[in-house]
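See below for the structure under consideration.
2 protein chains.
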Amino acid sequence: MPAPIDFYFDFSSPYGFLASQKIEALAAAHRREVNWRPMLLGVAFKATGMAPLPHVPLKGTYSMRDFLRSARFHGIAYRQPATFPISTVSAARAYYWLQGRDPKKAVALAKALYNAYFAEGLDISKPENVAQVARRLGVSAEELAAALNDPAVKEKTKNEVDTAVAKGVFGSPFIVVDGEPFWGVDRFDQIERWLAQGPF
Amino acid sequence: MPAPIDFYFDFSSPYGFLASQKIEALAAAHRREVNWRPMLLGVAFKATGMAPLPHVPLKGTYSMRDFLRSARFHGIAYRQPATFPISTVSAARAYYWLQGRDPKKAVALAKALYNAYFAEGLDISKPENVAQVARRLGVSAEELAAALNDPAVKEKTKNEVDTAVAKGVFGSPFIVVDGEPFWGVDRFDQIERWLAQGPF
């Protein structure tokens, strides 16, 4: 089995959401596993000086249109959240906490959180909404609420995000295959060739 | 014949160069013509607050790698210019001047300028290098040199670029099909579907 694919994403990223709907099938077609790694765009923005898309004149307007069109292009159900973007630190902490206990369930939680935000319109910046989504997967809401305030979980999440940015992860989605970085769901064609043929 | 495709690009844009190598074939396959419209990213950056890719931490490093890999992916000969990015106002003025005299030759000049910069490594920020490229196409270097200093040519170029930015053109390449905007050579898959099927 070759090395897993690193899949970095922010839970508030539309293109990350689209990628999340496609990454497992792409990886499986090439007998790879996916290492889901939530990151925080806000931390990356501090390193790059970039800003959330809706805050960028002209590009923001275009992007709102492109989110919807790209979702239709990929055949993925998508609803632009009323509150956008949002802080996703609680969602990321919930993921990394659960990953330490049950990695498979942590991935299921990541998918469920993405779906809650981009299909149901649930504001997952709120810890109680993260807990609500986790409860559907059989995770104790009380344990999750405690974990979100656990300094060790905070530290683990911070380390994961800082390490990602230190490695050059500046956007979402950001996919690393055998050390080769690919930014954007619009690099899936290049990722596919890389997985099929190796370096080009 | 349906309306032509508007193809906006900056002569210093690697992704614009890649798009320039593909746009005519894509348009012709759908019986469209291409309206080549050089713009100036520097003017767009003033509107958006964005910066040239090499100036952006992390993203700049990634982009230099992505330029080369994307060129290989598309099978396009590409050499990263030693001086990058550059001012392309002379190249844009040369284009818009020639367009007023011989639109077909102006497109040939655009292709030749892109090739000179991204394949030959000629610094086309220099008016004398723009003239050298134009001379190969049978354009008088003296007339071109005069045109680059002609206030009417400067005004025409400024108007074209300002109008583009006012319409929301913030990057390169930027392609508009029947009013629908597409940013990036990585939107060619969506453009192709739009041309084939209409709006989606």
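Protein chains in written order, with this note's numbering: chain A, 23 to 222; chain B, 23 to 222. We put the CB at the ideal spot given by N, CA and C, even for glycine.
#1: Name the chain A residues whose beta carbon is nearer than 8 Å to that of lysine 44(B)?
#2: Would you mind telling me which residues of chain A sit closer than 7 Å to threonine 83(B), beta carbon to beta carbon, in chain order?
#3: Less than 8 Å between CB atoms is the rule here; does proline 79(A) satisfy it with respect to chain B?
#4: Taking DSSP as the reference, what is the three-state secondary structure of isoleucine 197(B)?
#5: Note down, in chain order, every chain B residue with its Cβ under 7 Å from the Cβ of threonine 70(A).
#6: Are the beta-carbon atoms belonging to serine 162(A) and serine 112(A) less than 8 Å from one another?
#7: Residues of the stretch 90-101 of chain B in Cβ contact with chain A at a cutoff of 8 Å, in chain order, please.
#8: Does aspartate 200(B) get closer than 8 Å to chain A when you measure Cβ to Cβ?
#9: Suppose you measure from the CA of leucine 131(A) to the CA of lysine 81(B); what does that come to, to the nearest Å?
#10: In terms of residue numbering, what span does the beta strand (DSSP E) encompassing glutamate 202(A) cover?
#11: Could you give the first and the last residue of the continuous alpha helix (DSSP H) run that contains isoleucine 98(A)?
#12: Using the Cβ count rule (16 or more neighbours within 10 Å means buried), how would you classify threonine 179(A)?
#13: If the cut is a Cβ gap below 9 Å, which residues of chain A does arginine 215(B) touch?
#14: Just to confirm before moving on: does the CB-CB distance between leucine 144(B) and alanine 153(B) stay below 8 Å?
#15: Report the residues of the stretch 116-128 of chain A with a CB closer than 7 Å to any CB of chain B, ordered along the chain.
#16: Are the CB atoms of tyrosine 84(A) and tryptophan 227(B) within a distance shorter than 8 Å?
#17: Would you tell me roughly how many angstroms separate the C-alpha atoms of alanine 186(A) and valine 78(B), rounded to the nearest one?
#18: Could you tell me whether any Cβ in chain B is nearer than 8 Å to the Cβ of proline 195(A)?
#19: Going by C-alpha to C-alpha distance, which of Val183(B), Glu182(B) and Asp124(B) sits closest to leucine 159(B)?
#20: Does the distance from the CB of phenylalanine 39(B) to the CB of tyrosine 136(B) come in under 8 Å?
#21: Tell me which same chain residues have a C-beta within less than 6 Å of the C-beta of proline 149(A), skipping the five on either side of it?
#22: Spatial neighbours of glutamine 121(B) within its chain, please: CB distance less than 6 Å, with the 5 preceding and 5 following residues excluded, ordered by chain position.
#23: Quick one: Cα of methionine 23(A) to Cα of tyrosine 100(A), how far?
#24: Kindly identify the DSSP beta-bridge partner or partners of tyrosine 84(A).
#25: Would proline 203(B) pass as an interface residue toward chain A - the criterion being a Cβ-Cβ separation below 8 Å?
#26: Between Phe140(B), Ser92(B) and Ala50(B), which has its C-alpha nearest threonine 105(B)'s C-alpha?
#27: Expressed to the nearest angstrom, what Euclidean distance is found between the alpha-carbon atoms of leucine 62(A) and phenylalanine 31(A)?
#28: Rounding to the nearest angstrom, what Cα-Cα distance links glutamate 55(A) and valine 56(B) in this structure?
#29: Answer with buried or exposed for phenylalanine 29(B), where buried requires no fewer than 16 other C-beta atoms within 10 angstroms of its C-beta.
#30: Just tell me which of Lys189(B), Ala138(B) and Arg215(B) has its CA closest to the CA of valine 65(B).
#31: Tell me which residues share the same chain as proline 26(B) and place their Cβ nearer than 7 Å to its Cβ, disregarding the 5 neighbours each side in the sequence.
#32: Determine the chain A residues that contact glutamine 212(B) at a beta-carbon separation under 8 Å, and present them in chain order.
#33: Would you kindly work out how many angstroms separate the C-alpha atoms of isoleucine 213(A) and aspartate 208(B), rounded to a whole number?
#34: Let's test the definition: count the other Cβ atoms within 10 Å of the Cβ of proline 221(A) and tell me whether it reaches 16, buried, or not, exposed.
#35: Any beta-carbon of chain B closer than 8 Å to the one on phenylalanine 222(A)?
#36: What are the residues that DSSP puts in a beta bridge with valine 56(A)?
Well, looking at it:
#1: Listed along chain A is no residue with a C-beta nearer than 8 Å to that of lysine 44(B); the closest approach is about 14 Å.
#2: By Cβ distance, chain A contributes Gly190.
#3: Residue contact check for proline 79(A) against chain B: a CB pair falls below 8 Å.
#4: Strand at isoleucine 197(B).
#5: Within chain B, the residues placing a beta-carbon under 7 Å from that of threonine 70(A) are Val78, Pro79, Leu80 and Lys81, ordered along the chain.
#6: Contact flag unset, no.
#7: For the stretch 90-101 of chain B, which is checked against every Cβ of chain A, the residues closer than 8 Å are Arg91, Ser92, Arg94 and Phe95.
#8: No, aspartate 200(B) does not count as interfacial toward chain A.
#9: For leucine 131(A) and lysine 81(B), the gap between their C-alpha atoms comes out near 29 Å.
#10: Boundaries of the beta strand (DSSP E) around glutamate 202(A): 202-205.
#11: Counted as a single uninterrupted DSSP element, the stretch harbouring isoleucine 98(A) is not any alpha helix (DSSP H), since DSSP gives it neither H nor E.
#12: Result: buried.
#13: Near arginine 215(B) (Cβ distances below 9 Å), the residues of chain A are Phe95.
#14: No. Outside cutoff.
#15: Answer in chain order: no residues at all.
#16: In the structure as shown, chain B begins at 23 and stops at 222. Residue 227(B) is therefore absent and cannot be evaluated.
#17: Here the C-alpha atom of alanine 186(A) lies approximately 17 Å from the C-alpha atom of valine 78(B).
#18: Interface criterion not met: the Cβ of proline 195(A) is under 8 Å from no Cβ in chain B.
#19: Ranking the options by Cα distance to leucine 159(B), first place goes to Asp124(B).
#20: A contact, by the Cβ cut-off of 8 Å.
#21: Counting only residues of its own chain and dropping the five nearest sequence neighbours on each side, proline 149(A) has a CB closer than 6 Å to the CB of Ser112 and Leu170.
#22: Result list for glutamine 121(B): Ala128, in chain order.
#23: Their Cα atoms are separated by approximately 34 Å.
#24: Tyrosine 84(A) pairs with nothing; no bridge assigned.
#25: Against chain A, the CB of proline 203(B) has a partner CB under 8 Å away; the residue lies at that interface.
#26: Check the Cα spacing between threonine 105(B) and each of Phe140(B), Ser92(B) and Ala50(B): the tightest is with Phe140(B).
#27: Using only the alpha carbons, I get a separation of about 8 Å.
#28: So the two alpha carbons sit approximately 43 Å from each other.
#29: Under this definition phenylalanine 29(B) is a buried residue.
#30: Nearest in C-alpha terms to valine 65(B), of all of Lys189(B), Ala138(B) and Arg215(B), is Lys189(B).
#31: Exclusion of the five residues before and after proline 26(B) leaves Arg54, Glu55, Val56 and Asn57 as the residues of its chain whose Cβ lies within less than 7 Å of its Cβ.
#32: Ordered by position in chain A, the residues that pass the 8 Å Cβ test against glutamine 212(B) are Arg91, Ser92 and Phe95.
#33: Distance between the alpha carbons of isoleucine 213(A) and aspartate 208(B): 13 Å.
#34: Burial call: exposed.
#35: Yes, phenylalanine 222(A) counts as interfacial toward chain B.
#36: Answer is Ile27(A).
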